[in-house]
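If you're matching positions, the sequence shown starts at 9 in this note's numbering and goes up one per residue.
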Amino acid sequence: MPSWPNSNETSDDDDEYMSEFSSMQMEYFQTPDTVIDPSFCELVTESDRRCILHRQRAGKFVAFEGTDTGRRFIGCATEDGVNCGVLEWVDAPWPVILQRCLSKLWDMYHEQNLGRAQDNEAHGIEVEKLQKELDSLANQYSQLVDDVSKLFDFQDGIKSHDMDCTSQAINELKEKKKQLEEQAKIELQMEKLKIKKEQSHC
Numbered sequence: 009m010p011s012w013p014n015s016n017e018t019s020d021d022d023d024e025y026m027s028e029f030s031s032m033q034m035e036y037f038q039t040p041d042t043v044i045d046p047s048f049c050e051l052v053t054e055s056d057r058r059c060i061l062h063r064q065r066a067g068k069f070v071a072f073e074g075t076d077t078g079r080r081f082i083g084c085a086t087e088d089g090v091n092c093g094v095l096e097w098v099d100a101p102w103p104v105i106l107q108r109c110l111s112k113l114w115d116m117y118h119e120q121n122l123g124r125a126q127d128n129e130a131h132g133i134e135v136e137k138l139q140k141e142l143d144s145l146a147n148q149y150s151q152l153v154d155d156v157s158k159l160f161d162f163q164d165g166i167k168s169h170d171m172d173c174t175s176q177a178i179n180e181l182k183e184k185k186k187q188l189e190e191q192a193k194i195e196l197q198m199e200k201l202k203i204k205k206e207q208s209h210c
């Protein structure tokens, strides 16, 4: 809320500001976008012109919006809170033909920005789709690696089992051969003893 002076402190300037505030059109409160112009910026020093609501020294600006693009104006310099808007246009409105050109340029600009926004949205959707496909392929690849690893482990298990069986059979054959050799030796010794015994009786 603006803070107005007490009735006993009201001056002619205050009355002038109040009158100006009451008669201002609402469009003046719609501050246009601005562009920095080193030749027309900072606060107004040529006069004691102040904004309506804050009673602060006004600033110099150059509009950068719509058909007012390039027009200089005196406006509220407040950056926080409610902005009083345009206090006074320094430049008169541009000729109609120039306003049409500016309007066309701004329409083209907004249309291009809209196209870019739509392209960015479509691009984002496509990227999200590709990311999902990539994640799916990654999962499939991981599953394939696991399956191949299990297959190799299974084959290695079979080979290991076969090798164990073969080794066990070989060991059994060796043991049997050893037993047969020992049995043959015993039988040979017994046969020798038998022959020797028979010879002693003769």
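Every residue, glycine too, gets a C-beta built ideally from N, C-alpha and C.
List the whole-angstrom C-beta distance separating residue i from residue j, where the pair is believed to meet the contact cut-off of C-beta under 8 Å.
| i | j | result |
| --- | --- | --- |
| A66 | R57 | 5 Å |
| D41 | E73 | 4 Å |
| H62 | T86 | 5 Å |
| T75 | Q120 | Rounded, the Cβ-Cβ distance is 19 Å, inconsistent with contact. |
DSSP puts residue i in a beta bridge; with which residues?
| i | result |
| --- | --- |
| I82 | K68 and E96 |
| R58 | R65 |
| T42 | A71 |
| L51 | G67 |
State buried or exposed for residue i, treating a residue as buried only when at least 16 other CB atoms are found within 10 Å of its CB.
| i | result |
| --- | --- |
| C84 | buried |
| A125 | exposed |
| G93 | buried |
| I60 | buried |
| V70 | buried |
| T77 | buried |
| I82 | buried |
| L95 | buried |
| S31 | Confidence is the limiting factor: at S31 the pLDDT is only 47, short of 50, which leaves the residue's position unreliable and the question unanswerable from this model. |
Can you list, in chain order, the residues of its chain with a C-beta nearer than 7 Å to that of residue i? Leave out the 5 residues immediately preceding and following it.
| i | result |
| --- | --- |
| C109 | none |
| L152 | none |
| D45 | V70 |
| V90 | L61 |
| W97 | R79 and F81 |
Tell me which residues share the same chain as residue i and place their Cβ nearer than 8 Å to its Cβ, disregarding the 5 neighbours each side in the sequence.
| i | result |
| --- | --- |
| I203 | none |
| L51 | R65, A66, G67, K68 and A85 |
| C173 | none |
| Q187 | none |
| Q33 | Here the model assigns Q33 a pLDDT of 49, short of 50, so the residue's position is not dependable and the matter cannot be decided. |
In its own chain, which residues sit with a C-beta less than 6 Å from the C-beta of residue i, not counting the 5 before and 5 after it?
| i | result |
| --- | --- |
| C49 | K68 |
| K158 | none |
| V43 | V70 and F72 |
Say whether chain D places a C-beta atom closer than 8 Å to the C-beta of residue i.
| i | result |
| --- | --- |
| I82 | Given the protein chain composition of this structure (a single chain), no chain D is represented. |
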